[in-house]
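These notes are about the structure you will find just below.
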């Protein structure tokens, strides 16, 4: 059975282009996109989800701005963390941040996506700021600390994603 999409076809997640170097660093690349060190992620989706979790944890949001990069939501839907698609995080992070289940209404999809984007942008901004204050020139100490905080929050998020996936399966069977 094919999996039902969580979002309208063609929807896009935007993130600030000013943080492209930070996303590349998390993917093990230098500023030219060439491999330079061990990668934490293979694709842009991982750093963006991590950034959104960091934004949520630190209650940090900001607008993406006009200079932006994009990732089609379908890509998040195809990539998994454990058994949940990364697109589940696009749903859950804004829900956890707002406690507003009405964000799940189809007519509020753009608002939900916007909230995720603002958390991701805020998380990237937070990471950049924390790395600039760190005595660790590589930034890995900051990244490690933030990943540990995110991992502490992730079980709750994954558990919520599993419940959401189970509810979707029940809806499909009905």
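Numbering (this note's numbering), first residue to last: 2 to 175.
Every residue, glycine too, gets a C-beta built ideally from N, C-alpha and C.
Sequence-distant Cβ neighbours of residue 24 in its own chain, meaning closer than 6 Å and more than five residues away, are 45, 48. Around the C-beta of residue 71, fewer than 16 other C-beta atoms lie within 10 Å, and the residue is accordingly described as exposed. Selection 18, 36, 17 evaluated against residue 26 yields 36 as nearest (Cα-Cα).
At a cut-off of 4 residues, the continuous stretches assigned as alpha helix (DSSP H) that sit fully inside the stretch 12-80 are 21-27, 46-58, 74-79. Judged by DSSP secondary structure, residue 117 falls within the alpha helix (DSSP H) whose first and last residues are 110-134.
The C-alpha of residue 118 lies about 7 Å from the C-alpha of residue 65.
Per the coordinates, the alpha-carbon of residue 74 lies some 15 Å from the alpha-carbon of residue 82.
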